[in-house]
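These notes concern the structure reproduced below.
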Amino acid sequence: MLESYLTWLMEELAAAGSSLLDLRKRVSLWYLLSAVGFAFVVFYWRYGKHGWQRLLPYVSPKVWLSRSSRTDVGLWLCNRLLLALLIPKTLTHALWISGLYYYWQKQGLTPLGLGWSTTWVMVLFTFCYVIADDFSRFFTHWCLHKIPVLWAFHQVHHSALVLTPFTVFRTHPVEGGLFFIRSLCVQSVLVSVFLVLFPNQVSLWQIYGVLVTTFLFNVLGANLRHSMVVLSYGPRIEKWLISPAQHQIHHSTDVAHYDRNFGVLLAIWDRLFKTWLPGSDQQTLKFGTGRAIDRSGVIGHWWIPMMDCADVIRHGVVKRCRNLKKRLTIREP
Amino acid sequence: MKKTLLSLLVACSTSVIAAQPYEFGVTLQGYDGSATSSVSYGGQIARHALHNSLKKVAGTGDQAQMNTYFSSTEAGRVILDPVSKDGFPVKQSSIDELSSGKDLLSSAYDGVITGWPGNPTGQELLEQLVDAAAKTKAGYDPVNGYDYVQLISKFAMGAVFYNKAVNHYLEEKLEADQHPNNEAYKPGTAYTGKEHVWDEAFGYFGAPANGLSLSAKEVVQITKQNPEVFAKADANGDGVVDLKSEMAFAHAYYAASVDASAGTNYFHTIMQAFVDGRQLISDAKGKALTDAQRTELKECAAVIATAWQQVIAEAAFKYAGSVYADLEKIAVIEEAHGDVSKAYRNYVKHWGELKGFALALEAAGRDLGNAQAGLDRLIGFSPVLFGDAQVVALDGNGGFVQANAGPMQEYKLNMIKVQNLLAQSFALKAKLNDKTAGMSDVLEQLNAAAQSAEND
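Next up, the structure:
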């Protein structure tokens, strides 16, 4: 029993470690390095031969060895073990997509029969997938900030006092479950509809087994979003694509920066929801929530959100009871 | 010019190596008999002939005849299939010419089969199927939706051939203390222990010895005894096809059939691994295999076991698609108030093939993970019948108990799920009769997301 448990534990941890060489993972070594290369070129172009100094925070031991950074890694590994137990694997998506694929056909949806080549279908499907995926990420993120019960869990991500690429894993397991449901919904609906409309032609445009946009996003410095390196894309590009500097604003403790820049890849959603702010190479920001959770470890990051969530629900119930009582009192003769 | 000649030479030498037949000389040290070949798998070919013949008689419902080819070991049994045809004469006409004293039942899987009511062992299930077939007209039970000819044949191939090869000869018999290579298999034989163990597994696959020089289409046509491929089949040119070494049976046929339709390479992958493994044993020149040699041999065995399992799963995938198509046809005929009896017969036949292959996957002691429970539940104990009923259990007398299973047409959704489950669990490549519109390929691409909880 113990032996098989330990084997499972080691396998899961080894799988987590393999992310460092897996091109499908944002924290793969290749992307960590390509981010440096990309930033180096931009800084050299903007600031000349001393531009590289702006990259120093990326490798600062003070940042990487900080308690906040260690918590990032702790949460990454512990969440992985927990989610491996909680979230059903692979076939869940297949079952949902199968069910919806069958349902659409029963509702009368049929193949379009446009005679399009598989390449065009791939391009269209990839475009729709990227848009749907990016918007659903934006909207989930927006909800995580606007709905108090959800913020109780999302504060884990914002409790980081310093940002490193591994802050991407700084997530509460409940939030991990929400991300799973988000991807399940988007993929099930989109894939099932496309399979009915374009049977045997649906595929994603990939590079080295990675979605083309994800690949480009990661190669061109996605890891800088969670780092102490400040890189703006400039005002024109930032209207369309979220830069590392813009995401860092999202993490800022400054009240003026609250609930800004929820986007992942595209900035258009933030502009639509009036939450867009441009970034700047010169910005100096502080990160964290300003609460006790900022300085707690893995257990605290699992536990405090649960307590906060219970508080939010309790306050909500008490408030509703009071309102009800008030209304009943007014009606009494 | 030199480069062209060189590449031609390399290509030729490669094709010569690739086309090596399954023929190997005697290596047993101290052997002083007259045999020049150490290859022997007559017993396995006898069982193939028994299976083919059983399939023939299962369609008559004659229990005594079925038992002759299923559980009896009596002498004098005539081969009912394959038999000589115009333009395709076959050398043997009796089972004894291949091997005497052989039956199918005693070699069948004796572990539990969860996909059939009552959790019988593989042997018990085969017995049940044969008994039940005898109570029907021509092996067809329209009330419960069973085509016993298909169920018996497809399951027997798994429970006997696949099981004995993968679960027995290519598994435990490869250990150092089992039939060592520095000893005769039995006193007086011309082959060593390991040589014969490997040969027996090869025999169960059912490929002709010259399989590497045949295309997948030719292998298929050999099984169908097409006179046009007779010259290819008759490798030694003696004017008859020797069932022992020149015929294609069972899963070798299915592997080639999948390859011929989909352009995959299952047949030659398995065949090449068998030849490579046997060459390795031959190269040991009658000495005990070292640990390193056995490791290499086990790698060949793993290639065979994986591809063999995929072939069975590919066949199940294909018939799940046929069941789906049959249900569509039934719906169309019903809507037009036509006669559904022929479409229903096909539905039951294809379900029998699907179920037989799915049960075969369970019949070799290999861990299928959650795929086993998934297949059992999605396929069920019978097809969904008219009146939306499905067999759900056995009663105290061994009769089938039916219960409501939801609308018959909804069973199509189960077939889509079955195809996805098979494609994902066994990494299928051919995916013939795909009714999922290519879903498993997209799912594979999307699985990149994995399990990490990543924030934005």
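Line by line, the protein sequences give chains Y and U. Quick note, the first sequence lines up with residues 1 to 333 if you use the UniProt record's numbering. Quick note, the second sequence lines up with residues 1 to 456 if you use the UniProt record's numbering. Just so it is clear, CB atoms sit at the ideal spot from N, CA and C, and this is done for glycine as well. Keep in mind it's a predicted model, so treat the numbers as computed, not measured.
Can a CB atom of chain U be found closer than 7 Å to the CB of R236(Y)?
no
Does R314(Y) come out as helix, strand or coil in the three-state DSSP assignment?
helix
Which residue's Cα is closest to the Cα of A134(U): L54(U), A19(U), E353(U)?
L54(U)
The region 358-368 of chain U contacting the region 101-117 of chain U, beta-carbon criterion three pairs below 8 Å:
yes
Output the distance between the C-alpha atoms of E299(U) and Y44(Y), rounded to the nearest integer angstrom.
53 Å
State the Cα-Cα distance for the pair G263(Y) and V189(Y), rounded to the nearest angstrom.
22 Å
How far does the alpha helix (DSSP H) with D420(U) in it extend, from its first residue to its last?
A quick correction: the sequence has Asn, not Asp, at residue 420(U). 411-425 is the extent of the alpha helix (DSSP H) around N420(U).
Nearest residue (CA-CA) to A184(U), options L421(U), P383(U), G30(U):
G30(U)
For T214(Y), does the three-state DSSP call read helix, strand or coil?
helix
Measuring only between beta-carbons, confirm whether K435(U) sits less than 7 Å from chain Y.
no
Ignoring anything shorter than 4 residues, give me the alpha helix (DSSP H) runs that lie fully in the region 39-124 of chain U, in order along the chain.
42-58, 63-70, 95-98
If I measure Cβ to Cβ from residue 459(U) and keep anything under 7 Å in the same chain, skipping five residues before and after, which residues do I get?
The structure shown has nothing for residue 459(U), since chain U only spans 1 to 456.
Is G438(U) close to chain Y, meaning its C-beta is less than 7 Å from at least one C-beta of that chain?
yes
With a threshold of 7 Å on Cβ separation, who are the neighbours of H226(Y) within its own chain once the five nearest residues in sequence on each side are excluded?
L163, T164, P165, T167, V168
Please report whether the beta-carbon of P199(Y) lies at a distance below 7 Å from any beta-carbon of chain U.
yes
Shorter than 7 Å from the beta carbon of R137(Y) to some beta carbon of chain U?
yes
For the region 259-274 of chain Y against the region 112-122 of chain Y, are there 3 or more C-beta pairs whose distance is under 8 Å?
no
Does DSSP put L114(Y) in a helix, in a strand, or in coil?
coil
Measuring alpha carbon to alpha carbon, tell me which of D434(U), L327(U), G374(U) ends up nearest L385(U).
L327(U)
Is any heavy atom of the ligand GDP found at a distance shorter than 6 Å from the C-beta of V26(U)?
This structure lacks the ligand GDP, and indeed carries no ligand of any kind.
Would you give the residue range spanned by the alpha helix (DSSP H) that residue 536(U) belongs to?
Chain U is shown only over 1 to 456; residue 536(U) falls outside these bounds and no answer can be derived.
Is the Cβ of H250(Y) closer than 7 Å to any Cβ of chain U?
no
Is V41(Y) helix, strand or coil by DSSP?
helix
State the Cα-Cα distance for the pair S252(Y) and K286(Y), rounded to the nearest angstrom.
6 Å
Rounded C-alpha distance that separates K164(U) from A201(U):
7 Å
For the candidate residues L112(Y), S243(Y), R182(Y), whose alpha-carbon lies nearest to that of C143(Y)?
R182(Y)
Spatial neighbours of Q451(U) within its chain, please: C-beta separation below 7 Å, excluding the five flanking residues on both sides.
Any reading at Q451(U) needs caution, since the residue's pLDDT is 46, under 50, leaving its predicted position unreliable; the model's value is listed next. Here the set comprises nothing.
Check whether the Cβ atoms of G193(U) and H179(U) sit closer than 7 Å, and answer yes or no.
yes
Taking contact to mean at least 3 C-beta pairs separated by less than 8 Å, is the region 220-227 of chain U in contact with the region 61-75 of chain U?
no
Could you name the residues of the same chain whose beta carbon sits closer than 7 Å to that of G176(Y), not counting the 5 residues immediately before and after it, in chain order?
N79, L83
Just confirm the distance between the C-beta atoms of H301(Y) and T71(Y), as a whole number of angstroms; I'd bet it's less than 8 Å.
7 Å
Is DSSP giving F153(Y) helix, strand or coil here?
helix
Is it true that the CB of A39(Y) sits closer than 7 Å to the CB of G279(Y)?
no
To the nearest angstrom, how far is the alpha carbon of S68(Y) from that of D294(Y)?
8 Å
Range covered by the beta strand (DSSP E) that runs through V202(Y):
Run containing V202(Y): none; DSSP gives neither H nor E here.
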